Structure formats: structure tokens, C-alpha cells
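K.L.:
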Amino acid sequence: MEPILVSILKLSMTTMLAAWACIWFLKPTQVWKRSWHHAEDWASHTFLGASGINVVVFCFPLLAVATMSYVHIHLGARRVRTRLGKFLSTKLANPLIVRSPVGTISSGELISVALFILILVWTYYSNVSSDLKKMTPTKSLKLNRWQLKVMRLGVRFGSLSEACLAVLFLPVLRGMALFRTFGIQFEASVRYHIWIGNTLIMFSVLHGSFIMFIWAIKKNLSEEITKWQRTGRVYLAGAITLAVGLIIWITSLPQIRRKKFLIFYSVHHLYAIFLLFFLLHAGDGHFFLVFSGVLLFVLDKILRIIQSSRTTDIVSASILPCKAVELTLPKHPSMKYTPTSMIFLKIPSISKFEWHPFSITSSCNMDYDRLTVLIKCQGQWTDSLYSMVQTMLDDGHAKKLSLAFEGPYGPATFPYKRYDSVILIAGGSGITPFLSILQDIASVNGSKNTYPMKIQLIYAVKRLADISMLTPISQLLLNQSFRQLQLKIFVTQEERDGAAAREILHEICQVKTVNLNVKSSQDEIPRPEGLLWKATITVMSSATFLASIIVLHRIFGDREKDASQSTVPSWVNDLLVISSLLVAASFAILATILFKLRKSVKDVNSVTKNNVRATEVHDMELSSSQEDLEINFGRRPNLIDVLSELPRDSGESIVGVFEAGDTSVYLLFTQLTSLCRYAAQSPKMKVRTSLASSWR
Ligand SMILES: Cc1cc2nc3c(=O)[nH]c(=O)nc-3n(C[C@H](O)[C@H](O)[C@H](O)COP(=O)(O)OP(=O)(O)OC[C@H]3O[C@@H](n4cnc5c(N)ncnc54)[C@H](O)[C@@H]3O)c2cc1C
0 MEPILVSILK LSMTTMLAAW ACIWFLKPTQ VWKRSWHHAE DWASHTFLGA SGINVVVFCF
60 PLLAVATMSY VHIHLGARRV RTRLGKFLST KLANPLIVRS PVGTISSGEL ISVALFILIL
120 VWTYYSNVSS DLKKMTPTKS LKLNRWQLKV MRLGVRFGSL SEACLAVLFL PVLRGMALFR
180 TFGIQFEASV RYHIWIGNTL IMFSVLHGSF IMFIWAIKKN LSEEITKWQR TGRVYLAGAI
240 TLAVGLIIWI TSLPQIRRKK FLIFYSVHHL YAIFLLFFLL HAGDGHFFLV FSGVLLFVLD
300 KILRIIQSSR TTDIVSASIL PCKAVELTLP KHPSMKYTPT SMIFLKIPSI SKFEWHPFSI
360 TSSCNMDYDR LTVLIKCQGQ WTDSLYSMVQ TMLDDGHAKK LSLAFEGPYG PATFPYKRYD
420 SVILIAGGSG ITPFLSILQD IASVNGSKNT YPMKIQLIYA VKRLADISML TPISQLLLNQ
480 SFRQLQLKIF VTQEERDGAA AREILHEICQ VKTVNLNVKS SQDEIPRPEG LLWKATITVM
540 SSATFLASII VLHRIFGDRE KDASQSTVPS WVNDLLVISS LLVAASFAIL ATILFKLRKS
600 VKDVNSVTKN NVRATEVHDM ELSSSQEDLE INFGRRPNLI DVLSELPRDS GESIVGVFEA
660 GDTSVYLLFT QLTSLCRYAA QSPKMKVRTS LASSWR
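In C-alpha cells, the structure reads:
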């Protein structure tokens, strides 16, 4: 029954998404415009009202997809898929373009981008061509024909910004399942947010500058730009929206984001002002076009804030010789996560506002009530954490170390069982997501028909000491029954001979651990809400918003559809949208808090805890003697060599290639297209590549 339900859900989601895209495609046509006027007329005589029908048509398809995606992942995640099914999905996921600055782009991504551009081009073309047919001059400005044309061209760029704004928030919904349903990871989808954001700003600048240019040549710029119209477009609000958008965009440029992350992060919160002034500028009718993304973002934020409002105490902290800290956190056994999942941490004693993302290195199949992260010192925050743990070790006594937690976020499933062979390529701290994959594979190792049969871990580091990042899996590397794992280390900036390297390996794998105090089950990291709860809250909040906007419009709203004949200022309608959003958000907050309270009562005393206070130092020996360990100095790995070494004795071989890391590992990514080309020439080999995690 479940597989049928999963297929029905996937089909319904695809249909709804297609319907939503069709609305955007049809919206600029005359047929749609005429029909929409009739539909609004009809709705204004029913309980829905004109705003109700806007919400139902423009917002509900996407809200329905978001709701169904939770249920889909909930059901789909329980399905066990063992082998790679369709070759088409492999073709769509493999990289087609590997170029700086866009990174790797797959065929699937390229098709989606092409479709989005098609909608934008079509929207602009059909709007502008119908505008140019009926050129009614604006009374106040007395524009001649070419000035009017430029004005119209500029105004219509605004519709393109609107289309971008409608999808801008979707890729950054951390807890939402929308993108995960299609197998897209959070870090990967952040790229889409950047692309859409850049396009939005480009169209907004064109929109503003075309219009301001005409105002300037009519010597009316300062008068027009400061106008706050009673009804229709509010120019001053538009100018503020553009200014805020530009500030957000400038501080997001890689030069600022990488060097001054806190500035980028803080300024990004101006999105609330941006949205408010967009609403005041464009009016409620246009705001409904982008509202579904906004509501989903608000719900996501509420659930995240509620989860992260409690702090928990760290169980233990270890110091690794490569200047990294391993933190162990207590978790409820029912909190599940997939390999390559990540969490966000805030340590109030270091900073009250900074949240930092880290990949989980443990596997929930092995560690039921613990979760670990491995943090390499990269800057101020991570250095402070390292110093705090180092001080505890030096002083010889453990202090309480509290943190706030958000997540885990990760793929619905991690499909390594689909492959005969898996190649894991990591650079620097990019090894962390693979530590959880290896622990997960090891947890089912030995069971019948275990896939993958061969695992190659290719680890590129600058210095030999950096390989102490492998310490969390040192037991696995030593384990003789985990024979399918082969480790190849590439030390790019140091030269040593093999024997000396193995000796150094032994020394650098000395780990110092400080065990901290954990008191009760109240100290566990709070679990995120379940997927079915998130689906329920999305449906209920959407319904609350709809009910609220209908009721408020009946009491205070404008019954006149034509803005020019309206007696109610447009800010009143805008205020009704904001009020309804607040009502829906308050409902979501209240319902989640009540649900959490009920859940925490059930959870109390469900777990027993040890109180550990000692400080200890112990050695962990890496498998320096293991024959499967290969250390190369002064060179980078060649992926085609790695692929050609894979066993191909029996029939068709399915190979999964996963990469993770920061920008330094992109040097490896550049080999991926040639890798796929090589695989395409080997008829018995199917290669599927994907980005397990990436940052910077
Ligand atoms: C999805 C993901 C998973 C990660 N997993 C790990 C991991 O398992 N282990 C690990 O050591 N590192 C990991 N990182 C990197 C880690 O988040 C940063 O190194 C850390 O936040 C640096 O903070 P800092 O203040 O010490 O350094 P800074 O000097 O402030 O920054 C160093 C670099 O980290 C980036 N950075 C800073 N703060 C953040 C932030 N809040 N969010 C995203 N990037 C930030 C900056 O752009 C800069 O390039 C991961 C990053 C991401 C995005």
C-alpha cells in the first residue's frame, strides 16, 4: 500500500508544481487577464472575496506541494531501495558543467534553469508587447512616445523581480522537505538561492533605473521618488525596497561573505524590511504571488527558533593534533538522522548570536544517545572553542559547556546501498560527512548482500598532521572485518618517505578528551518536530491565514476592485495581509509550543544517564600498519586512475562518487566531467556523482 501512496504523492506533487508553473506562464496573456477579472468579480460576491481567490490560486498549489513533500519523505524514507533504479536520474544528477564561479551544474539543474529563464522571457515579452499596443500616457508626467516606451519596459522588469521573489525563499527552507523530496541537499540548494537573488537584484535595478531615468529627464526625480500614493504603486516604498535589496546583495558578495561572515549574516536579516516595503510598494494583489514562499519561510523560522531556544550541555570534548575539536552531544534515541546530515550550533559563552553549521560525524545506527561533530579551527569562533577546551585540559578540571542546537538537516535517505562501489573524495575538513557515511556502512557491515562491496576513501590534505581528522573512524580503519574500505591519502604540501610518514601518523593520532557533566534527560538536544507534524502545521497555518484574510477583508477591506475608484487607502489592505500573517504565525507558535510541552512530558525519564566528571587523555592508533592505506606526497589524486582500478569482473558495475569539502576540493571537482566521460565509454560502468556537502 505504501509504495502506491508514495507514487500517488509524487505524481500529485509534480502535477501541482506544473500547475503552479502554468499559472506563471499564462498570467501575462490577455486570455488569463480577462478570465482573472471575471474570477475576481465572481469571488467578490462569495465568502472568499477577491483576496481569498488570490490566496487559493496563487499560494495554495505551492503550499500543497510543501505539505505533500513532508508526507512523501515520511513514507518514502521508510522504503528500502537497494539498487540504482533508473539510469535517467543518474544522467540528470551527473555534472555537465564544472566551471568557476558557478561550480558543478548537472543536466537536471540546467533543464530547471532553462525552464525558469523561459518563463521570465515569456512573461517579459507578452507583457511588453501588449503594453506597446495600447500606449496610454500617464497624465502627470506628459511623456512622449519613446519615454513612455522606456517607462513601460522598466515597469515590466518589476514583474520579473516578482517571479524571482516568488521562489527566492524556497531553497533556504532548512527544515522543509520541498527540495529534499527531489534529492537536493540544503547546501546545494543554497546555490539556487544565490542565483535567484542575483537575478532578482538585476531586474530590480533595471526596473528602478529605467523609471528613475525617465523621471530624471523630466526633472521630476526627487518629487516622484518621495511620493507616497494613497492607492496604487507607492514609489517611496519601491525606492526603499530597492535600497535594502542592494545593501543585502552587496554584503552577500563572496568577498564580504567569506571575510566578514557576521556582517553578511546580520544584514541578511533586513529581508523582513525588504518584504514589508515590497508589499507597500506593489500592493496585496502582487504580494499574494510571492506569499507562499514567505509563509513557508516564516513557518520554517518559527520551528527553528522554538527548537533552538533551549540549551544543552556537551558530554565530552576532544582535541585533535590538527587543531580540531570533537564535540559529543547528548541526544534522545528517537532523534534520527541520515549520513551527511548537518546541524547548526551556537555556544552562548563564545557568541550570543553566531550560529555555525557542522556535519554530523557519528551514525545514529551506532550511537543511540550521542551525536558527534568534528570542528576544525578556521577563524575566530572555532579558535575560541578550541581555546576553551584546551584551557579545561590544561587546568585539569571540566566546566559546563552549554550550546544551542538546530537540526539535524540532511537528505531523506543516503543511498549508498544502491552502488557496487563507492568513491568518497574529501579535502581538508570536508572529510566530516564521510565519517558518518563510513560509520553507517560499518553498522550494517556483515549483513547479507552488503553493498557497496568496495569503498575508496580519497583524502586530500595540505599537511600530514591534518589526517588526524580521521581519528573518529580509527577503530573502523583498524577493523579487519571492514575490508571493503581502502584509504588513499594525498598530502599536497609536504614531502616525506612512507616509513617516516607512518611513524608520524602514530604520533599525531594522540587525542585528548575532557568529559563534562550531563545531569538529566532535560539536557538532551531538543528534537525537531516530526514530518507529519510539519505537514499538519503547514495546512493549519495556511487555512488560518486564508480564514483571517477573508474575515478581515469583510470587516475593514476595500470592496472596490478598481484601485482608482477606491476609497480605502492601499496600506489598509497591506495591513490586513500583515495582520493575517501574524495570526497564522501566532497559531503556528502556540500549536508547536503546546505540542512540545506534551512531548517533553512523555520523554522525561525515558533515558538513563551517566554522570561523568573525569578528565582523561588517551591514545588512538590509526591503522598505520594496514596494507590498504596508501599515502602520496606532493600530488593530487587522479580520479580516472581511481575509477580504472575498481573491480569489474562480474556484469554491470554501478559506481557512486561523492565529494565534500571547501573550495580547495573544487580542484578535484574539475575532474568530474572527464570522469563521467570516461565512465560513458565503459559500457559496463554507470557512474553517479553527487556533492555530499560543500562550504565557503
Ligand atoms: C554545510 C556545512 C557543513 C560544515 N561542516 C563542517 C564540519 O563538519 N567541520 C568543520 O570544521 N567545518 C565545517 N563547516 C565550516 C564551518 O561552518 C566554518 O568553518 C565555521 O563556521 C567557521 O567559523 P569561524 O568564525 O571560526 O571562522 P570565520 O573566520 O568566521 O570563517 C571562516 C570561513 O567559514 C565561513 N563561515 C563562518 N561562519 C559561518 C557560518 N555561520 N555558516 C557558514 N559558513 C561560515 C566563512 O565564510 C569563512 O569562509 C561546514 C560548513 C557548512 C556550510
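Residue numbers 0 to 695, in numbering that gives the first Met the number 0, belong to the letters of the sequence shown in order.
Built from N, CA and C at the ideal position, the CB exists for glycine as well.
This one's a predicted model, so the numbers in the text were calculated from it and none came from an experiment.
1) Using the C-alpha atoms, what's the distance from Gly75 back to Thr14?
2) Should Met341 be counted as a contact of ligand 1 given a C-beta to heavy atom distance under 7 Å?
3) So which of Gly409, Met391, Val314 has the shortest CA-CA distance to Pro356?
4) Count the other CB atoms within 10 Å of the CB of Asn610; is the residue buried (16 or more) or exposed (fewer)?
5) Quick check on this structure: which residue in Leu400, Ser362, Leu486, Leu373 has the alpha carbon closest to the alpha carbon of Tyr443?
6) Below 8 Å, how does it come out for the region 276–289 and the region 219–236: are there three or more Cβ pairs, yes or no?
7) With distances taken from CA atoms, which of Ser540, Thr591, Ile554 is nearest Val54?
8) Under three-state DSSP, which class holds Ser340?
9) Measuring only the C-alpha atoms, how far is Phe632 from Ser420?
10) If you run the structure through DSSP and keep just helix, strand and coil, what is Asp419?
11) Secondary structure at Ser105, three-state DSSP: helix, strand or coil?
12) How long is the line joining the alpha carbons of Asn572 and Pro60, rounded to whole angstroms?
13) Report all residues from its chain with a CB closer than 8 Å to the CB of Leu205; omit the five preceding and five following residues, and keep chain order.
14) Starting from the C-beta of Arg256, find all residues in its chain whose C-beta is less than 7 Å away, skip the five residues before and the five after it, and write them out in chain order.
15) Within the same chain, show all residues whose beta-carbon is closer than 6 Å to that of Ser358, passing over the 5 residues directly before and after it, in chain order.
16) Quick one: residues in its chain with C-beta nearer than 7 Å to the C-beta of Glu493, no 5 flanking neighbours on either side, listed in chain order?
17) Just to confirm before moving on: does the CB-CB distance between Ser435 and Thr310 stay below 8 Å?
18) With a 10 Å radius around its C-beta and 16 neighbouring C-beta atoms as the bar for buried, classify Cys21 as buried or exposed.
19) What residue does the beta strand (DSSP E) around Ile488 start on, and which one ends it?
20) Smallest Cα separation from Ile536: which of Leu16, Thr122, Gly174, Ala162?
21) Could you check what DSSP says for Phe352 in three-state terms: helix, strand or coil?
22) Report yes or no: do the region 570–589 and the region 309–327 share at least 3 C-beta pairs separated by less than 8 Å?
23) I need the boundaries of the alpha helix (DSSP H) containing Thr371, first residue and last residue.
24) Confirm the yes/no value for this check: CB of Met451, any heavy atom of ligand 1, distance under 7 Å.
25) Specify the secondary structure class of Asn143 as computed by DSSP and reduced to three states.
26) Roughly how many angstroms separate the alpha carbons of Phe343 and Pro568, rounded to a whole number?
27) Do Arg417 and Ile653 come within 8 Å of each other at the CB atom, strictly closer than that value?
28) With a threshold of 7 Å (Cβ to nearest heavy atom), would Tyr260 be considered close to ligand 1?
29) Tell me the rounded alpha-carbon separation between Asp40 and Val293.
30) Ordered along the chain, which non-local residues of its own chain (more than five positions away) have a Cβ less than 6 Å from that of Leu545?
31) Within 10 angstroms of the Cβ of Met12, are there 16 or more other Cβ atoms? Answer buried if so, exposed if not.
32) Can you tell me whether DSSP reads Thr28 as helix, strand or coil?
33) So which of Met211, Ser383, Gln377, Gln254 has the shortest CA-CA distance to Leu241?
34) Can you list the beta strand (DSSP E) stretches of 3 or more residues lying completely in the region 226–304, in chain order?
35) Taking 7 Å as the cut-off, does the CB of Ser467 come closer than this to any heavy atom belonging to ligand 1?
36) Between the region 121–132 and the region 26–34, can you find at least three pairs of beta-carbon atoms closer than 8 Å?
P.N.:
The relevant details are as follows:
1) Sequence index remark: in the sequence shown, residue 14 carries index 15 (1-based). Sequence index remark: in the sequence shown, residue 75 carries index 76 (1-based). So the two alpha carbons sit approximately 18 Å from each other.
2) By 1-based counting over the sequence shown, the position of residue 341 is 342. Result yes, Cβ under 7 Å from ligand 1.
3) Taking the first residue of the sequence shown as position 1, residue 356 is located at position 357. Answer by Cα proximity: Gly409.
4) In the sequence shown, the residue the question calls residue 610 occupies position 611. Its pLDDT being 37, under 50, Asn610 is placed unreliably in this model, and the coordinates cannot settle the point.
5) Within the sequence shown, residue 443 is the residue found at index 444, counting from 1. Correcting the residue identity first, residue 443 is Val in this sequence and not Tyr. Ranking the options by Cα distance to Val443, first place goes to Ser362.
6) yes
7) For the purposes of this step, residue 54 is taken as residue 55 along the sequence shown, with counting starting at 1. The residue with the shortest Cα to Cα distance from Val54 is Ser540.
8) Numbered from 1 along the sequence shown, position 341 holds the residue referred to as residue 340. Of the three classes helix, strand and coil, the one that applies to Ser340 here is coil, per DSSP.
9) On the sequence shown, position 633 is the one that residue 632 refers to. On the sequence shown, position 421 is the one that residue 420 refers to. Looking at the two C-alpha atoms, the distance is approximately 25 Å.
10) Position 420 of the sequence shown, counting from 1, holds the residue named residue 419. Secondary structure of Asp419 (DSSP, three-state): coil.
11) Working through the sequence shown from its first residue, we reach residue 105 at position 106. The answer is strand: DSSP assigns Ser105 an E or B state.
12) Walking along the sequence shown from the start, residue 572 turns up at place 573. Walking along the sequence shown from the start, residue 60 turns up at place 61. Near 23 Å, if we compare the C-alpha coordinates of Pro60 and Asn572.
13) In the sequence shown, residue 205 corresponds to position 206, counting from 1. Gly153, Phe156, listed in sequence order.
14) The residue given as residue 256 occupies position 257 in the sequence shown. Excluding residues within five positions, the ones whose Cβ falls inside 7 Å are Phe263.
15) Taking the sequence shown and counting its residues from 1, one reaches residue 358 at position 359. Result list for Ser358: Met341, Thr431, Pro432, Ser692, in chain order.
16) Locating residue 493 in the sequence shown gives position 494, counting from the first residue. Same-chain partners within the cutoff: Arg462, Leu463, Phe632.
17) For the purposes of this step, residue 435 is identified with residue 436 of the sequence shown, where counting begins at 1. For the purposes of this step, residue 310 is identified with residue 311 of the sequence shown, where counting begins at 1. Taking 8 Å as the Cβ cut-off, Ser435 and Thr310 do not qualify as a contacting pair.
18) Here residue 21 is taken as the residue at index 22 of the sequence shown, counted from 1. Exposed.
19) Translated into the one-based positions of the sequence shown, residue 488 becomes position 489. Counting along the chain, the beta strand (DSSP E) containing Ile488 begins and ends at 484–490.
20) Along the sequence shown, read from residue 1 onward, the residue named residue 536 stands at position 537. Each of Leu16, Thr122, Gly174, Ala162 was checked against the Cα of Ile536, and the nearest Cα belongs to Gly174.
21) The residue labelled residue 352 in the question sits at position 353 within the sequence shown. In this structure, Phe352 counts as coil in the three-state DSSP scheme.
22) no
23) Numbered from 1 along the sequence shown, position 372 holds the residue referred to as residue 371. No alpha helix (DSSP H) holds Thr371; the beta strand (DSSP E) holding it covers 369–375.
24) Within the sequence shown, the letter at position 452 stands for residue 451. According to the sequence displayed, residue 451 carries Pro and not Met. Every heavy atom of ligand 1 is 7 Å or more from the Cβ of Pro451, so no.
25) Residue 143 sits at position 144 when you count from the first residue of the sequence shown. Coil at Asn143, not helix or strand.
26) The residue you call residue 343 lines up with position 344 of the sequence shown. The residue you call residue 568 lines up with position 569 of the sequence shown. Going from the Cα of Phe343 to the Cα of Pro568 covers about 44 Å.
27) Along the sequence shown, one-based indexing puts residue 653 at 654. Along the sequence shown, one-based indexing puts residue 417 at 418. Yes. Within cutoff.
28) On the sequence shown, residue 260 is found 261 positions in, with the first residue counted as 1. Note that residue 260 is Phe in the sequence shown here, rather than Tyr. Relative to ligand 1, the beta carbon of Phe260 is positioned inside 7 Å of a heavy atom.
29) Position 41 of the sequence shown, counted from the first residue, corresponds to residue 40. Position 294 of the sequence shown, counted from the first residue, corresponds to residue 293. Asp40 and Val293: Cα-Cα distance of roughly 27 Å.
30) Within the sequence shown, numbered from 1, the residue matching residue 545 stands at position 546. Closer than 6 Å at Cβ, skipping near neighbours: Val54.
31) What you label residue 12 is simply residue 13 of the sequence shown in a count that begins at 1. The residue in question, Met12, is buried, as its Cβ has 16 or more Cβ neighbours within 10 Å.
32) Counting from one through the sequence shown, the residue named residue 28 turns up at place 29. In the structure shown, Thr28 sits in coil (DSSP, three-state: anything other than H, G, I, E or B).
33) On the sequence shown, position 242 is the one that residue 241 refers to. With distances taken between Cα atoms, Leu241 lies closest to Met211.
34) With a minimum length of 3 residues, no continuous beta strand (DSSP E) run stays inside the region 226–304.
35) What you label residue 467 is simply residue 468 of the sequence shown in a count that begins at 1. Checking every heavy atom of ligand 1 against the Cβ of Ser467, none is found closer than 7 Å.
36) Segment contact: the region 26–34 against the region 121–132, three or more CB-CB distances shorter than 8 Å; contact assigned.
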